[in-house]
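Protein chains: 2
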Amino acid sequence: MATAKAHTNIALVKYWGKKDQQLIIPQTNSLSLTLDEFYTTTRVNFDPGLTADQVTINHKLLSPAAARRTSAFLELVRQRSGRQQFARVDSINHVPTAAGLASSASAFAALAGAASAAAGLSLDRRELSRLARRGSGSATRSIFGGLVEWHRGHDDSTSFAEPIMEKLDFGLEMLAIMINTKKKKVTSRQGMQASVTTSPYYASWREVVAADMQAMKDAINRRDIPAIGHIAEENALRMHALTLSADPGYTYFSSATLTAIQAVRALRENGVGCYFTMDAGPNVKVIYDRQDRDQVISGLTQTFDRDQLVVSPAGPGIQIWNENNNQSLL
Amino acid sequence: MATAKAHTNIALVKYWGKKDQQLIIPQTNSLSLTLDEFYTTTRVNFDPGLTADQVTINHKLLSPAAARRTSAFLELVRQRSGRQQFARVDSINHVPTAAGLASSASAFAALAGAASAAAGLSLDRRELSRLARRGSGSATRSIFGGLVEWHRGHDDSTSFAEPIMEKLDFGLEMLAIMINTKKKKVTSRQGMQASVTTSPYYASWREVVAADMQAMKDAINRRDIPAIGHIAEENALRMHALTLSADPGYTYFSSATLTAIQAVRALRENGVGCYFTMDAGPNVKVIYDRQDRDQVISGLTQTFDRDQLVVSPAGPGIQIWNENNNQSLL
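Going line by line, the protein sequences match chains F and W.
Using the numbering used here, the final residue of the first sequence is 335, and nothing's skipped along the way.
Using the numbering used here, the final residue of the second sequence is 335, and nothing's skipped along the way.
The structure is reproduced here in structure tokens:
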């Protein structure tokens with residue numbers, strides 16, 4: 006039996022499109038910030054008494070159909086470890102599910118950590134990152150804390166994440182504006198695939214990401230939060246332009262998303278250094294220097310309720326332990 | 006003295022970007038439908054008693070600063086005709102100004118017609134189209150009725166519009182959802198220039214338009230309204246993706262725009278053949294077969310007030326006349 010805790014991450018240079026659907030090899034590199042406030046804790050126990058995998062999320066048992074993606078992932082662990090038993094998986098999600106807050110990132114990172122340890126595999130963090138990737142692309146990055154790069158690679162062994170700065174030595178912070186925690190219509194998996202296959206702008210997106218990755222790493226080296234924010238904002242909008250330009254075109258924006266964008270820009274025009282990014286959902290995340298946190302919050306509460314705003318500093322990488330003896334397994 | 010009446014047009018394949026700012030040579034061809042319901046009537050009188058151009062719009066005298074663009078246009082007419090007098094220009098706009106309903110298209114087409122006739126120039130419609138182009142790109146197309154193509158050309162003499170089908174022999178119709186008639190923040194002139202110079206997707210947009218022009222003309226030949234609507238919808242979204250992907254990124258969408266898009270798509274999913282397009286403003290125009298008009302209206306009034314919906318069949322080309330003797334001048 007093993008338990009793992011993994012945090013979500015929000016990409017500053019987005020992952021949007023796979024090259025290999027099966028192995029989840031992305032079209033481009035990407036770069037993210039792991040968040041302290043949002044995480045998943047998952048316990049896995051391979052149990053010879055079970056006749057099927059049994060998965061609970063937030064104490065609720067999933068139907069076999071709903072657990073299919075989890076079981077497919079567990080199957081990878083069984084194949085690699087030689088374990089034949091089914092598993093009991095109990096997962097607590099401290100992330101609003103499927104609203105663009107990357108719950109699958111923390112979920113599959115935690116599952117990779119707990120399942121591999123419970124199966125007796127002893128994986129290092131790079132191997133864990135590759136394993137998490139098979140569950141959900143963005144989970145690749147959630148193995149590490151702080152600022153993380155996912156190298157797209159070209160096959161299973163070369164596509165993994167690596168920390169750029171695990172413990173931040175400057176004030177980069179994020180705030181999530183919780184707009185809508187309902188399930189989204191177009192999953193990110195469907196959405197990115199539609200962009201790859203039907204957007205006439207997809208080839209240029211690859212070049213956008215290559216340039217943004219370099220510029221973002223330079224900005225991080227300089228601890229230049231305005232540059233980090235500007236690059237992240239543009240990169241997010243260019244990702245969302247891929248959804249508009251797909252066939253059929255669609256958008257993850259809701260009216261509250263537009264309102265949030267305007268609020269962040271208005272604050273910035275008033276001298277408060279803040280920037281936005283959005284993923285495959287209506288929620289908006291705000292990027293700023295923690296020394297400006299009070300100004301950002303007081304500005305945003307002109308438009309949003311205080312309890313819609315969740316501040317998160319950078320978070321740590323995955324932790325894995327044995328609950329019986331509280332011994333760390335990584 | 007001469008008076009002209011010109012109708013707005015809504016592009017089904019958009020014009021978004023100039024190659025030559027001065028001469029208004031566009032980056033791509035475009036294709037539009039002239040609308041019967043929205044038009045501008047303009048009377049021009051060159052008057053030796055004036056010491057400056059005097060311009061009224063909807064009976065309101067413009068300041069010299071506000072009339073600058075009109076005066077610059079009149080200057081072209083004076084140069085070409087040899088007329089030295091200033092002009093009195095009285096314009097009535099039956100179009101909500103600057104809300105993406107292309108009031109500058111009908112305005113500069115009517116001004117081109119009335120000013121050139123008042124100055125004694127006898128221009129044919131192609132020459133009028135080239136002249137109108139100098140005032141506002143989309144005015145190039147408003148010289149003609151029905152379905153119109155603007156050939157981008159490569160200089161002043163080769164960049165003009167031409168009718169594809171002046172009198173429609175099938176049921177293509179448009180309905181404007183009047184969302185917001187306030188002035189927009191980013192003019193289309195600023196917006197398209199920002200897209201040309203800063204969107205990484207602009208080069209691909211040129212290819213999108215080339216393909217869409219061909220597909221649209223084929224669909225028109227087949228009188229295939231679903232295909233016309235689908236191409237127009239995708240083309241519009243891909244134009245709006247250029248605004249998102251500019252630096253800084255921006256959008257003309259308001260929350261009501263998103264609502265209108267959803268309403269049109271919901272109707273379509275319920276079997277009513279309707280499609281949307283949007284220009285540089287929040288308003289949404291709906292494309293459908295006039296035999297489905299009642300269904301479209303009854304569907305949209307679930308979301309919008311009936312008086313926000315303005316139906317327009319295809320409209321005619323420019324008319325120019327002498328008000329004194331009611332004699333046609335074109």
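For each residue, glycine too, the CB sits at the ideal point set by N, CA and C.
C-beta contact flag for residue i and residue j at 8 Å
i                : j                : result
Ala112 (chain F) : Ser96 (chain F)  : yes
Asn14 (chain W)  : Thr47 (chain W)  : no
Asp41 (chain W)  : Ala237 (chain W) : no
Ala117 (chain W) : Ala137 (chain W) : yes
Ala7 (chain F)   : Val60 (chain F)  : no
Ala114 (chain W) : Ile148 (chain W) : yes
Leu81 (chain F)  : Leu180 (chain F) : no
Gln26 (chain F)  : Arg211 (chain F) : no
Ala110 (chain W) : Ala144 (chain W) : yes
Val213 (chain W) : Ser37 (chain W)  : no
Val277 (chain F) : Gln296 (chain F) : no
Leu305 (chain W) : Ala268 (chain W) : yes
Leu249 (chain F) : His12 (chain W)  : no
Ala271 (chain F) : Thr203 (chain F) : no
Gly125 (chain W) : Ser68 (chain W)  : no
Gly150 (chain F) : Glu178 (chain F) : no
Leu17 (chain W)  : Thr282 (chain W) : yes
Leu55 (chain W)  : Gln90 (chain W)  : yes
Ile29 (chain F)  : Arg131 (chain F) : no
Residue-level contact to chain W via CB, residue i, 8 Å cutoff
i                : result
Ser193 (chain F) : no
Arg93 (chain F)  : no
Gly254 (chain F) : yes
Val153 (chain F) : no
Val213 (chain F) : yes
Ser200 (chain F) : no
8 Å Cβ cut-off: residues of chain W touching residue i
i                : result
Glu167 (chain F) : Under the 8 Å cutoff, chain W gives no residues; its nearest Cβ is about 26 Å from Glu167 (chain F).
Phe281 (chain F) : Ordered by position in chain W, no residue passes the 8 Å Cβ test against Phe281 (chain F), which lies about 10 Å from the chain.
Ser209 (chain F) : Pro205, Tyr206, Ala208 and Ser209
CB-CB length for residue i against residue j, believed under 8 Å
i                : j                : result
Ser141 (chain W) : Trp21 (chain W)  : Not a contact, Cβ separation roughly 14 Å.
Leu247 (chain F) : Tyr206 (chain F) : 6 Å
Ser35 (chain F)  : Lys19 (chain F)  : 6 Å
Ala9 (chain W)   : Ile323 (chain W) : 6 Å
Ile325 (chain F) : Ser317 (chain F) : No, Ile325 (chain F) and Ser317 (chain F) are not in contact; Cβ-Cβ is about 22 Å, not under 8 Å.
Asp52 (chain W)  : Leu79 (chain W)  : About 12 Å separates the two Cβ atoms, so there is no contact after all.
Val94 (chain W)  : Thr45 (chain W)  : Wrong, their Cβ atoms sit about 11 Å apart, outside the cutoff.
Ser209 (chain W) : Ala285 (chain W) : Not a contact, Cβ separation roughly 20 Å.
Chain F contact residues for residue i, given Cβ-Cβ distances below 9 Å
i                : result
Ser259 (chain W) : Ser260 and Leu263
Chain F contact residues for residue i, given Cβ-Cβ distances below 8 Å
i                : result
Leu249 (chain W) : Leu242, Arg243, His245, Ala246 and Leu249
Glu274 (chain W) : None at all; the shortest Cβ gap to chain F is about 11 Å.
Within-8 Å CB hit, residue i to chain F
i                : result
Ala104 (chain W) : Here the model assigns Ala104 (chain W) a pLDDT of 46, short of 50, so the residue's position is not dependable, and the following value carries that caveat. For Ala104 (chain W), the answer is no, since every Cβ of chain F falls outside 8 Å of its Cβ.
Glu328 (chain W) : no
Partners in chain W for residue i, counting only beta-carbon separations shorter than 7 Å
i                : result
Glu239 (chain F) : Asp252 and Gly254
Inset, instruction - Please confirm if the region 254 to 263 of chain F is in contact with the region 255 to 263 of chain W, defined as three or more CB-CB distances below 8 Å between the two stretches. - result: yes
Legend entry - Touch test, the region 212 to 225 of chain F against the region 214 to 229 of chain W, Cβ-Cβ under 8 Å, three pairs minimum: With the cut-off at 8 Å, the region 212 to 225 of chain F and the region 214 to 229 of chain W do not touch.
Legend entry - the region 160 to 167 of chain W in contact with the region 198 to 218 of chain W per 3-pair CB rule at 8 Å: Cβ pair count under 8 Å is below three, so no.
Legend entry - the region 284 to 291 of chain W in contact with the region 291 to 300 of chain F per 3-pair CB rule at 8 Å: no
Legend entry - Cβ contact check for the region 152 to 159 of chain W and the region 178 to 185 of chain W: 3 or more pairs under 8 Å: Taking a cut-off of 8 Å on C-beta distances, the region 152 to 159 of chain W does not touch the region 178 to 185 of chain W, as fewer than three cross pairs fall below it.
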